[in-house]
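Take a look at the structure below.
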Amino acid sequence: MSTTAGIAAGIALAGALIAAAFLPARARGRSVAPLEPVASVAS
Amino acid sequence: MSSPTHYARRWQALIVLAFSLLVISVGNTILNVALPTLQEELDASSSELQWIVDSYMLLHAGLLLAAGTLGDRFGRRRALVAGLVTFALGSVLAAFSGSATALIASRALMGVGAAGIMPTTLSILTNIFPPEERPKAISIWAAVAGLGIAVGPITGGWMIEHLDTSGIFLVNVPAVLACLAGAALLVPESRDPGSRRLDLLGCGLSVAALCALVWGLIEAPDRGWTDTTILAAFAGGAAIAAAFIACERRTDHPMLDVGVFRNLRFSAASASITFVYFALMGVMYFQTTYLHSVLGNSALHAGVMMLPTAAGMIVAARSSVALTKRLGAKLVVAAGLATVAGSLVMTTGYQVDTSEDYILLTGFIMGGGVGLAMAPATEAIMGSLSPAKAGIGSAMNDVVREVGGTLGVAVLGSVLASTYASGMDGSVSGLPDEAAVAATDSVGAAHEVAAQMAARRTWSRPRTTRSSGP
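Protein chains in written order, with my numbering: chain A, 1 to 43; chain B, 1 to 470.
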């Protein structure tokens with residue numbers, strides 16, 4: 001079981017590195033695409 | 001009802017969307033604890049038992065992209081309602097299934113319904129909340145998804161102990177009826193205003209590619225990763241996926257603009273979600289086995305042991321909004337995944353005598369890491385696309401979750417099975433061949449072998465005594 005959990009830990013760490021390397025630093029909970037919520041709702 | 005009224009009721013609508021998501025999340029996790037009972041009641045083989053779980057997963061994952069694009073084209077609330085009705089119908093048929101085959105077909109129908117529900121909950125959310133409120137709404141959506149991890153096994157465990165097995169399926173019906181009523185009253189209809197012709201070829205290719213790849217992932221642990229059929233499924237799935245990409249690049253009305261993968265925010269967020277679900281679902285799979293077979297917990301107790309994981313997800317998902325505003329998605333998602341990795345390192349210390357407190361703490365930290373990463377990563381995906389494409393964006397978010405989770409169970413399940421089998425080799429040498437094979441298959445089977453041998457010994461002793469008497 002320790003081997004399996006170790007592999008899973010490695011995968012999660014790889015995900016952390018990808019996020020740290022490629023996610024933009026300034027995407028602070030703000031959407032890139034402008035959105036008018038009411039206007040985009042039909043009927 | 002006018003749009004401003006819908007906008008004013010957006011938080012109530014979120015409850016309907018989150019509850020719809022919870023219904024399918026629980027619908028899946030509730031089954032795990034009932035599998036041993038279903039195996040006895042339906043006299044199902046282990047292969048049939050696996051397909052009771054997998055038929056749902058295959059149809060669900062296979063139809064996600066098509067369902068998302070159909071929602072964008074014909075109306076997301078309509079897709080949600082169709083999904084809910086299909087899910088309820090599948091649940092009723094599952095409850096009254098008299099055979100394993102009937103249950104497999106009913107579960108497949110439930111998977112079709114879930115494919116309609118899952119992407120539409122997030123795409124509707126994206127359309128009814130303004131950008132500044134969306135991270136908070138997505139964090140609630142993500143937290144509710146996590147709640148199913150604990151609610152399903154606890155409800156299922158309680159029902160198995162106190163009611164009938166059919167209850168685990170019939171419980172979906174009143175829940176779906178409540179969602180349908182809420183959707184009719186509170187959820188506005190929305191669709192892609194620029195939607196032109198339906199990309200039928202793209203839909204068909206996406207379904208075929210996802211089904212082939214997910215089928216390969218499901219069957220690989222049993223048939224072997226180098227089995228010809230498995231390799232053919234992966235090669236076929238990859239070839240169809242390549243055809244899908246070529247088709248989407250060429251058509252003037254693509255269901256998925258594949259150029260979006262050049263957007264690093266979208267691709268990195270998708271990869272993060274894939275990795276987090278790979279680790280989470282893979283570990284949940286072997287943690288369930290550990291709690292049941294190694295520690296000997298009941299189904300209900302095992303469900304209760306999952307509560308801290310769900311609690312960690314909920315707490316962290318709520319905190320992720322404020323943290324993302326202060327630190328940015330990059331740091332928060334990376335910190336979340338690093339926390340998951342840390343909790344998994346703690347998991348490597350699990351032994352037969354590990355204290356419950358240690359397991360609960362590990363679960364809480366793991367849930368905290370997942371909750372921290374999920375909401376900002378999901379928001380990053382949804383924010384990379386225009387709201388008009390929310391359905392297909394949401395479907396992509398779901399696809400990477402499903403593929404990551406399925407891959408996690410398949411790969412980590414295979415690793416666990418092979419390390420367990422090699423570790424048991426020396427311990428079963430004195431057993432009859434059949435018992436040795438069974439004992440090296442799984443911990444549960446080893447328990448059965450041990451129990452049978454113990455029973456045989458207590459049965460044989462009196463006979464020996466009697467025969468050796470006067």
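The beta carbon of each residue, even a glycine, is placed where N, CA and C say it ideally should be.
Item to check | Meets three-Cβ-pair contact criterion under 8 Å: the region 275-288 of chain B and the region 400-412 of chain B | outcome: Yes, they touch.
Next on the checklist: To be precise: take each residue of the region 398-423 of chain B, compare its Cβ to all Cβ atoms of chain A, and keep it if any distance is under 7 Å. Which residues remain?
Outcome noted: Leu412, Val415, Leu416 and Thr419
Item to check | CB contact flag (Ile314(B), Gly152(B), <9 Å) | outcome: Looking up residue 314(B) in the second sequence gives position 314. Looking up residue 152(B) in the second sequence gives position 152. No, these two residues do not count as a Cβ contact at 9 Å.
Checklist entry - Using the beta-carbon count (16 or more within 10 Å), is Trp215(B) buried or exposed? => result In the second sequence, residue 215(B) corresponds to position 215, counting from 1. Trp215(B) is buried by the Cβ-count criterion.
Next on the checklist: Quick check: is the beta carbon of Thr347(B) nearer than 9 Å to any beta carbon in chain A?
Outcome noted: Working through the second sequence from its first residue, we reach residue 347(B) at position 347. Contacts with chain A at 9 Å (Cβ-Cβ) include Thr347(B).
Next on the checklist: Once DSSP output is grouped into helix, strand and coil, what is the label at Thr251(B)?
Outcome noted: As a working mapping, residue 251(B) is identified with position 251 in the second sequence. Thr251(B): coil per DSSP, three-state reduction.
Item to check | Outcome for Gln351(B) when other beta-carbon atoms lying within 10 angstroms are tallied against a minimum of 16 | outcome: Along the second sequence, read from residue 1 onward, the residue named residue 351(B) stands at position 351. Classification for Gln351(B): exposed.
Item to check | CB-CB length for Leu23(A) against Ala269(B), believed under 8 Å | outcome: As a position in the first sequence, residue 23(A) is number 23, starting the count at 1. As a position in the second sequence, residue 269(B) is number 269, starting the count at 1. Right, their Cβ atoms sit about 6 Å apart.
Checklist entry - Under three-state DSSP, which class holds Tyr350(B)? => result Mapped onto the second sequence, residue 350(B) falls at position 350. Coil.
Checklist entry - What whole-angstrom Cβ distance do Cys179(B) and Ser319(B) have, given they're in contact under 8 Å? => result For the purposes of this step, residue 179(B) is taken as residue 179 along the second sequence, with counting starting at 1. For the purposes of this step, residue 319(B) is taken as residue 319 along the second sequence, with counting starting at 1. Not a contact, Cβ separation roughly 28 Å.
Item to check | CA nearest to the CA of Thr37(B), picked from Gly157(B), Val340(B) and Asp72(B) | outcome: Stepping through the second sequence from its first residue, residue 37(B) is reached at position 37. Cα-wise, what sits closest to Thr37(B) is Gly157(B).
Next on the checklist: In whole angstroms, give me the CA-to-CA distance for Glu248(B) and Ala395(B).
Outcome noted: Within the second sequence, residue 248(B) is the residue found at index 248, counting from 1. Within the second sequence, residue 395(B) is the residue found at index 395, counting from 1. Between Glu248(B) and Ala395(B), the C-alpha separation is close to 16 Å.
Checklist entry - How long is the line joining the alpha carbons of Phe471(B) and Leu17(B), rounded to whole angstroms? => result Outside the displayed span of chain B (1 to 470) sits residue 471(B), for which this structure offers no information.
Item to check | 7 Å CB neighbourhood of Leu307(B) in its chain, flanking five on each side removed | outcome: Taking the first residue of the second sequence as position 1, residue 307(B) is located at position 307. Cβ within range, chain order: Ala150.
Checklist entry - Taking Cβ positions only, does Gln452(B) come closer than 9 Å to chain A? => result Reading the second sequence from its first residue, position 452 is the one you call residue 452(B). Closer than 9 Å: no.
Next on the checklist: By the 8 Å beta-carbon criterion, what residues does the region 364-396 of chain B contribute toward chain E?
Outcome noted: In the structure shown, chain E cannot be found, because the protein chains are A and B.
Item to check | chain A contacts made by the region 261-294 of chain B, where a contact means CB separation under 8 Å | outcome: Under the 8 Å Cβ criterion, the region 261-294 of chain B contributes Leu264, Arg265, Ser267, Ala268, Ala269, Ala271, Ser272, Thr274, Phe275, Val276, Phe278, Ala279, Gly282, Val283, Phe286 and Tyr290.
Next on the checklist: Does chain A have any CB closer than 9 Å to the CB of Ala183(B)?
Outcome noted: By one-based count along the second sequence, residue 183(B) stands at place 183. By this cut-off, Ala183(B) is not an interface position.
Item to check | the region 320-332 of chain B: positions lying closer than 7 Å to chain A by Cβ | outcome: When C-beta distances to chain A are compared with 7 Å, the residues of the region 320-332 of chain B below that value are Val321, Thr324, Lys325, Gly328, Ala329 and Lys330, in chain order.
Next on the checklist: For Ala341(B), count the other beta carbons within 10 Å of its own beta carbon; 16 or more makes it buried, fewer makes it exposed. Which is it?
Outcome noted: Counted from its first residue, the second sequence places residue 341(B) at position 341. With 16 or more other Cβ atoms from the protein chains shown falling within 10 Å of its own Cβ, Ala341(B) counts as buried.
Item to check | Proximal chain A residues relative to Leu337(B), where beta-carbon distance stays under 8 Å | outcome: Within the second sequence, numbered from 1, the residue matching residue 337(B) stands at position 337. Near Leu337(B) (Cβ distances below 8 Å), the residues of chain A are Ala12, Leu13, Gly15, Ala16 and Ala19.
Next on the checklist: Quick check on Met159(B): buried or exposed, where buried means 16 or more other Cβ atoms within 10 Å of its Cβ?
Outcome noted: Position 159 of the second sequence, counting from 1, holds the residue named residue 159(B). Counting C-beta atoms within 10 angstroms of its own C-beta, Met159(B) has 16 or more neighbours from the protein chains shown and is therefore classed as buried.
Checklist entry - My guess is that Gly182(B) and Pro119(B) are in contact by the Cβ rule of under 8 Å, so how many angstroms apart are they, rounded? => result As a first step, residue 182(B) must be located in the second sequence, where it is residue number 182. As a first step, residue 119(B) must be located in the second sequence, where it is residue number 119. So it is not a contact: roughly 18 Å between Cβ atoms.
Checklist entry - Buried or exposed: Arg262(B), going by 16 or more other Cβ atoms within 10 Å of its Cβ? => result Translated into positions along the second sequence, residue 262(B) becomes position 262. By the neighbour-count rule (16 or more Cβ atoms within 10 Å), Arg262(B) is not buried but exposed.
Item to check | His162(B) burial status per 10 Å Cβ neighbour count (16 or more: buried) | outcome: Here residue 162(B) is taken as the residue at index 162 of the second sequence, counted from 1. Burial check for His162(B): the Cβ neighbour count within 10 Å stays below 16, so the residue is exposed.
Next on the checklist: Would you call the region 5-19 of chain A in contact with the region 327-336 of chain B, where contact means no fewer than 3 C-beta pairs closer than 8 Å?
Outcome noted: Taking 8 Å as the limit for Cβ pairs, the verdict is that the region 327-336 of chain B does touch the region 5-19 of chain A.
Item to check | The alpha helix (DSSP H) enclosing Thr29(B), as first and last residue numbers | outcome: Numbered from its first residue, the second sequence carries residue 29(B) at position 29. From DSSP, the alpha helix (DSSP H) with Thr29(B) extends over Arg10 to Leu42.
Checklist entry - Hey, would you say Met346(B) sits closer than 9 Å to Gly146(B), going by beta carbons? => result Stepping through the second sequence from its first residue, residue 346(B) is reached at position 346. Stepping through the second sequence from its first residue, residue 146(B) is reached at position 146. No, Cβ-Cβ distance for Met346(B) and Gly146(B) is not below 9 Å.
Item to check | Alpha-carbon to alpha-carbon, Ser422(B) and Ala388(B) | outcome: Translated into positions along the second sequence, residue 388(B) becomes position 388. Translated into positions along the second sequence, residue 422(B) becomes position 422. Ala388(B) and Ser422(B): Cα-Cα distance of roughly 53 Å.
Item to check | Val449(B) beta carbon less than 9 Å from that of Gly282(B) | outcome: If you number the second sequence from 1, residue 282(B) lands on position 282. If you number the second sequence from 1, residue 449(B) lands on position 449. No, these two residues do not count as a Cβ contact at 9 Å.
Item to check | Residue-chain proximity (Arg28(A), chain B), Cβ-Cβ < 9 Å | outcome: Mapped onto the first sequence, residue 28(A) falls at position 28. In this predicted model, Arg28(A) has a pLDDT of only 43, less than 50, meaning its place in the structure is not dependable; the value taken from the coordinates is given anyway. True, the Cβ-Cβ gap to chain B drops below 9 Å.
Checklist entry - Is the beta carbon of Ala271(B) sitting closer than 9 Å to the one on Gly236(B)? => result The sequence position of residue 271(B) within the second sequence is 271, counting from 1. The sequence position of residue 236(B) within the second sequence is 236, counting from 1. Their beta carbons are not under 9 Å apart, which means Ala271(B) does not touch Gly236(B) by this criterion.
Next on the checklist: Can you tell me whether Asn127(B) is helix, strand or coil according to DSSP?
Outcome noted: For this step, residue 127(B) is matched to residue 127 along the second sequence. Three-state result, Asn127(B): helix.
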